[in-house]
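K.L.:
Quick one: the structure is below, and I'll ask about it shortly.
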Amino acid sequence: MKAALLDAVPGITPFVGLLGPDGHRDTTGAFADLVADIGPAELLGLYRDMVIIRRIDTEATALQRQGELGLWPPLLGQEAAQIGSARALAPDDFVFSSYRENGVAWVRGVAPTDLLVTWRGVAQSGWDPFIHRMATPQVIIGAQTLHATGYALGMQLSKSDSVAVTYFGDGATSEGDVSEALVFAASYAAPVVFICQNNQWAISEPVRVQSRSAIVDRAAGFGIPGIQVDGNDVLAVMAVTRAALERARRGDGPTFIEAVTYRMGPHTTADDPSRYRPPADLEEWAAKDPLARVAAHLRDAGVLDAAAEAEVTAAADAVAAELRAGCLAMPDLPPGALFDHVYSEPHPRIDEQRAAQEAYLRMFS
Amino acid sequence: MTGATSSATLTMASAINAGLRRAMEDDDRVVVMGEDVGKLGGVYRVTQGLQETFGDRRVMDTPLAESGILGTAIGLAFAGYRPVCEIQFDGFIYPAFDQIVSQVARMHSRTRGAVKMPLTIRVPWAGGIGAAEHHSDSPEALFTHTSGLRVVSVSDPADAYAVIREAIASDDPVLYFEPKRRYHVKGEVELDAAPGPVRAMDRARVVAPGTDVTVVAYGGLVQTALAAATAAQTEGISVEVIDLRSLSPIDFDTVVASVERTGRLVVVHEASQTGGLGAELCTAVTERCFYSLEHAPVRVTGYDIPFPPAKLEKFHLPDMDRILDGIDRAMDRPNSLQDRGW
Amino acid sequence: MAQREFRLPDLGEGLTESEIVAWKVAPGDRIELNQVIAEVETAKAVVDLPSPFAGIVARLMVDAGVTVSVGDPIISVEVAGEAGAETADAAPPNLVGYGATTESVSARKPRRFADTPVVSPVLAPAAEVAPAAEVAPAAEVAPAAEVAPAAPARRRAAPPVRLLARQLGIPLETVEGTGDRGLITRSDLERVAGAAVDGSSRVAGDEESTLIPVTGVRKLTAKAMVDSAFTSPHVTVFLQVDVTPTIELLERLRSQPRFRGSRLTFLTAVARAVCIALTADPAVNSRWEEDGIRQFRHVNLGIAAATPRGLLVPVIPAADTLSLGELDGALSELVQTARAGTTPAAAMTGGTFTITNVGVFGVEGGTPILADGQAGILAVGVVARRPWEFEGEVALRSVVTLSLSFDHRVVDGAEGSRLLAAIAALLADPASAFAS
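So, in structure tokens, the structure goes:
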């Protein structure tokens, strides 16, 4: 049944949702089957994940307000889209994301402090992509979609069943690179999953500036099956991601997932959304909060009792404390780091200029 | 095949083809990708026969999307492959500029050495072929100015063969510029030459020794410079011609050693004058050879104009006589600009 | 307990100040880490400020409604632990926000160099002779195709110095450079050009003769003479002329206030006469060139000067544009600087006609050799009182012989003679210049 779901001629499947804002879980249907293994304990784990990454977000925002970080892009409101999809990935899958996917990075095993390295301005990346199988979050909008597609081509060449997964926003879908990635992915039937978090905003521009139809509608134009999912529903997100991954591993090619969600916070800490967003929007979406619905469901199920709440909160506090301590203790790189790794092989200009810098700095010692 | 070296007389296009084939035989991770490179073998036939041998996944006909070619090549590099991308014509490289400059050039330093970009980007390049708009550009300065990239040009079949193999073997991203006007020129190629301790792609090469003036050229104009040197000889001027070959990083040692001997420098390139490689060379040589210079360095280049239509091309590109005029200028002989005032 | 201050950070991409809209805490309040302590308004947004410390609010340092600069302390908090570790001198929070940082104070510490002078060794005074003027050890000339070894095959000299060497006709290979790594400096050239010339420098030979080495200016002059004499076909014409009116004129002018301090020598008058004559008839103000005869617009007047170093011919440019007084001043200065050896290189070239005053040696005239490729040179002999025809009778008059050599390729006998006659006529009757 679930195979048939996505093997049909590429088209649009309806809006997928399993766990509504009221906390009620739908356990029937093909997509529900894909997450039948997620019982109350597992769901508590997903809830814990979301609480932790929300806490990382608020702590990092505070650190920025305290002058410890230059900038932070919050993912507030998008926790389910990131946790649901990231928890579906196999360890050998490879992620190519934008700068907002700190929740995905945390799931991939990146230490909290390493999440902050680039935002503190110490270096341009915080971790080795091959250790966490996640590329440095991309600042050039949409560029990562091509990298993911190329990686997927490499998996085909290697006859590996690893899948490339790329995250990007609604704004990114206007960039040419994203279209080119969809063209390449479809032409080669590449094992790549495109996850678009439509959080309704590209800084101050609403999604209707980027697209006059649902973003997921575009996929069909490229010959790629698309699914639109409630991005605030961690179970539905996980289900559709699992379906897409399986499709890719089978060799049936790419899938386009549009996770409909909302950017509850500013674009970054340097943004003031009150200049362009009506407060009513926030109220409307607060009612669909991804954490609240899971908490409600788990309380009803008797799983999220006081003890469990306390444990989850403690876990989040511990991560936040680790984040703060790590941030404050983060050492700066020495001046010579300017020249490190510009080239992989020895290079005369680098050698000359490194030596010139050293000679210059010696004048002050 | 070991032991005996074999050589062949090949056109430059065939020499590059042979180099690509050899690189793909030597390393399974080398893949070739670009528009029309597979079944057609490339619009200049530089990749012909490769898809038959290595299959349509190692030799990919890509969609018509330059940014896509480079972006997916980056992903292939992440996956452990060594992509050789072709940009069909120099004037079409600009859509790929962002992926090259923002991603390929920076990935190694961004990831603090964790991720390498062993890409080779082949570009049929430059003018002198009477082509339509955008098919004769010389954009090399845009890339020599971008840190993290290596940029090479070749001028004859022997170099074309040796350097394409070195470029592919290099763990750094390399832009490999192929002068279209020389694709059909033949030359002797050593097919089994073992790699030496110093790569050809890192070094400039003295292609003709001389004592009175140093002329530095690269790509298609190396032959033109040699012709000018021969003509100058009949006027009693001994010209040393250098093929720059490595456009980034420039091999200053070779050029400086020459200018220390001659005291005079003429740099020749098709690309526009302002901000071109001539500017970098002349400044660097002046910095290093100031006390040996008999005359200010001279540039003979294209004008600061978009590349002109085919019928006007010959007025724009440096030819033998323009180079000779530049030599005259450097030698304090009467020349077209002697009344310029500086 | 220790007091910590929180300084206003850059809250968004290069902002320089914010206004404290409202405080959410008061002195004495116990606050938690990250508790919102104030609302601040920036150019971009109203934001909550979370406290970086937990503790007790000690002091609010800014009132609500006040705009504060980034980096200014806004609140101090008593924090548990680190006694005295943090004071008001503690470094402010890392202001890592993007955008401009203003540094009013340089971060540079004083530079420290080793006390080694970088200048070239002090040059020997000009009076010291010879070894410096010796031909320098022959430079190794590297074979053309080989890469030169560490020592460069060619001399090192800055382009302006190269130019000067060319103008002075000094091959760089003959100069020992005293600059960095053998760099030939301007003063090296001047030293060679001014090298002493007399025989006391080095004497070799036997009892029958002594050999005086020829170096420096004398050597250059010898070469120039040979080049001139064996290139231009020289013809000399002579004219004796009664210049008493000029002598008398000069005497009268010298007593005038405007010429006070001017020497107004006879040579000045000759120079003026030459300029007037050449302006009227410029045929001789020319030079022979490969493609033709180049005739010059102005008279750049060379004046042969005998100096301790030898014969020099400094030039007064555009002498025809100078008045008598100006010409006199230029002449005096020229001769003085030539004798002192301080003539600038530029003043040694570009002459179009030369005057050589052989009269100072007491001789009447001669056959002067053309200088520097010019087409004419006038030798002025001694002005002596001689019996001469004057108004039908014999009288003692001031008489001088003028000898004009010219390049017969450029000028024929008629033109040359006409010029000489014109110069003589002006000197015989300076008032005639009034009528021209």
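For the protein sequence lines, the chains are A, B and C, in the order given. Counting in my numbering, the first sequence runs from 1 upward without gaps. Counting in my numbering, the second sequence runs from 1001 upward without gaps. Counting in my numbering, the third sequence runs from 2001 upward without gaps. We treat Cβ as the ideally placed atom computed from N, Cα and C, and that holds for glycine. Remember, predicted model here, so these are calculated numbers, not experimental data.
Following the continuous alpha helix (DSSP H) through F1143 (chain B), name the residue where it begins and the one where it ends.
P.N.:
Within the second sequence, numbered from 1, the residue matching residue 1143 (chain B) stands at position 143. Run containing F1143 (chain B): E1140 to T1144, per the alpha helix (DSSP H) assignment.
K.L.:
Using a Cβ-Cβ cutoff of less than 7 Å, which residues in the same chain neighbour L324 (chain A) once the five nearest sequence positions on both sides are dropped?
P.N.:
For the purposes of this step, residue 324 (chain A) is identified with residue 324 of the first sequence, where counting begins at 1. One detail in the question is off: residue 324 (chain A) reads as Arg in this sequence, not Leu. Answer for R324 (chain A): E59 and L63, listed in chain order.
K.L.:
Near G2376 (chain C), what residues of its chain come up, given a Cβ to Cβ distance below 6 Å and the 5 sequence neighbours on each side ignored?
P.N.:
Taking the third sequence and counting its residues from 1, one reaches residue 2376 (chain C) at position 376. V2284, F2353 and F2406, listed in sequence order.
K.L.:
Could you tell me whether any Cβ in chain C is nearer than 9 Å to the Cβ of A135 (chain A)?
P.N.:
Taking the first sequence and counting its residues from 1, the one referred to as residue 135 (chain A) is at position 135. Taking Cβ atoms only, chain C never reaches closer than 9 Å to A135 (chain A), which makes this a no.
K.L.:
Report the neighbours of Y151 (chain A) on chain B: residues whose CB is nearer than 8 Å to its CB, in chain order.
P.N.:
For the purposes of this step, residue 151 (chain A) is taken as the residue at position 151 of the first sequence. In chain order: G1075, L1076, F1078 and A1079.
K.L.:
What residue from C:T2356, C:R2254, C:A2193 and C:G2392 has the CA that sits closest to P2344 (chain C)'s CA?
P.N.:
Residue mapping note: residue 2344 (chain C) aligns to position 344 of the third sequence, counting from 1. Among C:T2356, C:R2254, C:A2193 and C:G2392, the Cα nearest to that of P2344 (chain C) is on C:A2193.
K.L.:
With a 10 Å radius around its C-beta and 16 neighbouring C-beta atoms as the bar for buried, classify E2442 (chain C) as buried or exposed.
P.N.:
Because residue 2442 (chain C) is not part of the residues shown, which for chain C are 2001 to 2436, the question remains open.
K.L.:
Inspect the beta-carbon positions of T136 (chain A) and T1146 (chain B) and report whether they are closer than 9 Å.
P.N.:
Here residue 136 (chain A) refers to the residue found at position 136 of the first sequence. Here residue 1146 (chain B) refers to the residue found at position 146 of the second sequence. Not in contact: T136 (chain A) and T1146 (chain B) (Cβ atoms no closer than 9 Å).
K.L.:
Output needed for S1292 (chain B): all residues of its chain with C-beta closer than 6 Å, excluding positions within five of it in sequence on either side, in chain order.
P.N.:
Your numbering for residue 1292 (chain B) matches position 292 in the second sequence. Counting only Cβ-Cβ distances below 6 Å, and skipping sequence neighbours, we find E1260 and G1263.
K.L.:
Within this structure, are the beta carbons of T1075 (chain B) and A148 (chain A) separated by less than 9 Å?
P.N.:
Reading the second sequence from its first residue, position 75 is the one you call residue 1075 (chain B). Reading the first sequence from its first residue, position 148 is the one you call residue 148 (chain A). One point to set straight first is that residue 1075 (chain B) is Gly, not Thr, in the sequence displayed. Yes.
K.L.:
What does A167 (chain A) pair with, by DSSP beta-bridge criteria?
P.N.:
Position 167 of the first sequence, counting from 1, holds the residue named residue 167 (chain A). For the sequence presented, residue 167 (chain A) should be read as Tyr rather than Ala. Note: Y167 (chain A) sits in a beta bridge opposite A:I195.
K.L.:
In chain F, which residues lie with their C-beta within 7 Å of the C-beta of N2034 (chain C)?
P.N.:
No chain F appears in the structure shown, which is made up of the protein chains A, B and C.
K.L.:
Can you give me the start and stop residues for the beta strand (DSSP E) that P2317 (chain C) sits inside?
P.N.:
As a position in the third sequence, residue 2317 (chain C) is number 317, starting the count at 1. Careful: P2317 (chain C) lies outside any beta strand (DSSP E) and carries neither H nor E.
K.L.:
Excluding the 5 residues preceding and the 5 following L2396 (chain C) in the sequence, name in chain order all residues of the same chain whose CB lies nearer than 8 Å to its CB.
P.N.:
As a working mapping, residue 2396 (chain C) is identified with position 396 in the third sequence. Once the five neighbours on either side are set aside, the close Cβ partners of L2396 (chain C) are R2385, R2386, P2387 and W2388.
K.L.:
Given that S1153 (chain B) touches chain C, what residues does it touch there, using C-beta distances under 8 Å?
P.N.:
Here residue 1153 (chain B) refers to the residue found at position 153 when the second sequence is read from its first residue. Residues of chain C passing the Cβ test: none, with the nearest at roughly 23 Å.
K.L.:
From the DSSP output, which residues share a beta bridge with F2353 (chain C)?
P.N.:
The count along the third sequence starts at 1 and reaches residue 2353 (chain C) at position 353. F2353 (chain C) is bridged to C:L2301.
K.L.:
Would you decide whether E68 (chain A) is buried or exposed? Buried here means 16 or more other CB atoms lie within 10 Å of its CB.
P.N.:
The count along the first sequence starts at 1 and reaches residue 68 (chain A) at position 68. E68 (chain A) should be labelled buried.
K.L.:
Across which residues does DSSP place I1093 (chain B) in a beta bridge pair?
P.N.:
Numbered from its first residue, the second sequence carries residue 1093 (chain B) at position 93. None, per the DSSP bridge assignment.
K.L.:
Checking contacts by CB at 9 Å: is R2437 (chain C) closer than that to chain A?
P.N.:
For residue 2437 (chain C) there is no data in the structure shown, the boundaries of chain C being 2001 and 2436.
K.L.:
Please classify T2343 (chain C): does DSSP put it in a helix, a strand, or coil?
P.N.:
Reading the third sequence from its first residue, position 343 is the one you call residue 2343 (chain C). If DSSP states are grouped into helix, strand and coil, T2343 (chain C) belongs with coil.
K.L.:
Express the C-alpha separation of A81 (chain A) and A41 (chain A) in angstroms, rounding to a whole number.
P.N.:
On the first sequence, position 41 is the one that residue 41 (chain A) refers to. On the first sequence, position 81 is the one that residue 81 (chain A) refers to. A41 (chain A) and A81 (chain A): Cα-Cα distance of roughly 20 Å.
K.L.:
Are at least three pairs of beta-carbons, each pair with one atom in the segment 260 to 273 of chain A and one in the segment 183 to 200 of chain A, less than 8 Å apart?
P.N.:
The segment 260 to 273 of chain A is in contact with the segment 183 to 200 of chain A.
K.L.:
In chain A, which residues lie less than 7 Å from V1115 (chain B) when you measure between Cβ atoms?
P.N.:
In the second sequence, counting from the first residue as 1, residue 1115 (chain B) sits at position 115. Correct list: P129.
K.L.:
From the beta carbon of P2159 (chain C), is the nearest beta carbon of chain B less than 9 Å away?
P.N.:
Numbered from its first residue, the third sequence carries residue 2159 (chain C) at position 159. Yes - at least one Cβ of chain B is within 9 Å of the one on P2159 (chain C).
K.L.:
Which residues mark the beginning and the end of the alpha helix (DSSP H) in which Q250 (chain A) is found?
P.N.:
Looking up residue 250 (chain A) in the first sequence gives position 250. Per the sequence shown, residue 250 (chain A) should be read as Arg rather than Gln. First-last of the alpha helix (DSSP H) with R250 (chain A): V234 to R250.
K.L.:
I believe L2419 (chain C) touches A2277 (chain C) by the beta-carbon criterion, under 8 Å. Please report the beta-carbon distance rounded to the nearest angstrom.
P.N.:
Locating residue 2419 (chain C) in the third sequence gives position 419, where the first residue counts as 1. Locating residue 2277 (chain C) in the third sequence gives position 277, where the first residue counts as 1. L2419 (chain C) to A2277 (chain C), Cβ: 6 Å. Contact.
K.L.:
Based on the DSSP secondary-structure assignment, which residues constitute the bridge partners of D1061 (chain B)?
P.N.:
Reading the second sequence from its first residue, position 61 is the one you call residue 1061 (chain B). DSSP output for D1061 (chain B) lists B:G1034 as bridge partner(s).
K.L.:
I need the boundaries of the alpha helix (DSSP H) containing H1269 (chain B), first residue and last residue.
P.N.:
Your numbering for residue 1269 (chain B) matches position 269 in the second sequence. Run containing H1269 (chain B): none in the alpha helix (DSSP H); it sits in the beta strand (DSSP E), L1265 to S1272.
K.L.:
Contact between the segment 1025 to 1042 of chain B and the segment 357 to 365 of chain A is defined here as three or more beta-carbon pairs at a separation below 8 Å; is this criterion met?
P.N.:
The segment 1025 to 1042 of chain B, when compared against the segment 357 to 365 of chain A, does not touch it at the 8 Å Cβ threshold.
K.L.:
Tell me which same chain residues have a C-beta within less than 8 Å of the C-beta of I224 (chain A), skipping the five on either side of it?
P.N.:
Here residue 224 (chain A) refers to the residue found at position 224 of the first sequence. Once the five neighbours on either side are set aside, the close Cβ partners of I224 (chain A) are P10, L182, A185, A186, F194, G253, P254, T255 and F256.
K.L.:
Does the beta-carbon of I2423 (chain C) have 16 or more other beta-carbons within 10 angstroms, so that it is buried, or is it exposed?
P.N.:
Within the third sequence, the letter at position 423 stands for residue 2423 (chain C). Burial call: buried.
K.L.:
How far does the alpha helix (DSSP H) with G176 (chain A) in it extend, from its first residue to its last?
P.N.:
The count along the first sequence starts at 1 and reaches residue 176 (chain A) at position 176. From DSSP, the alpha helix (DSSP H) with G176 (chain A) extends over G176 to Y188.
K.L.:
Relative to the alpha-carbon of S2403 (chain C), which residue among C:S2232, C:G2366 and C:P2245 has its alpha-carbon at the smallest distance?
P.N.:
As a working note, residue 2403 (chain C) is residue 403 in the third sequence. Considering only alpha carbons, the answer is C:G2366.
K.L.:
Which of the three DSSP states is assigned to A2088 (chain C) in this structure?
P.N.:
As a first step, residue 2088 (chain C) is located in the third sequence; it is residue number 88 there, counting from the start. Since pLDDT at A2088 (chain C) reaches only 40, below the 50 mark, its modelled position is unreliable, and the value read off the structure follows with that caveat. A2088 (chain C): coil per DSSP, three-state reduction.
K.L.:
Taking the alpha-carbon positions, what's the V2047 (chain C) to D1056 (chain B) distance?
P.N.:
Working through the third sequence from its first residue, we reach residue 2047 (chain C) at position 47. Working through the second sequence from its first residue, we reach residue 1056 (chain B) at position 56. The straight-line gap from Cα to Cα measures roughly 57 Å.
K.L.:
Quickly, what does DSSP pair A2395 (chain C) with across the bridge? List them, please.
P.N.:
Reading the third sequence from its first residue, position 395 is the one you call residue 2395 (chain C). Answer by DSSP bridge pairing, in chain order: C:W2388.
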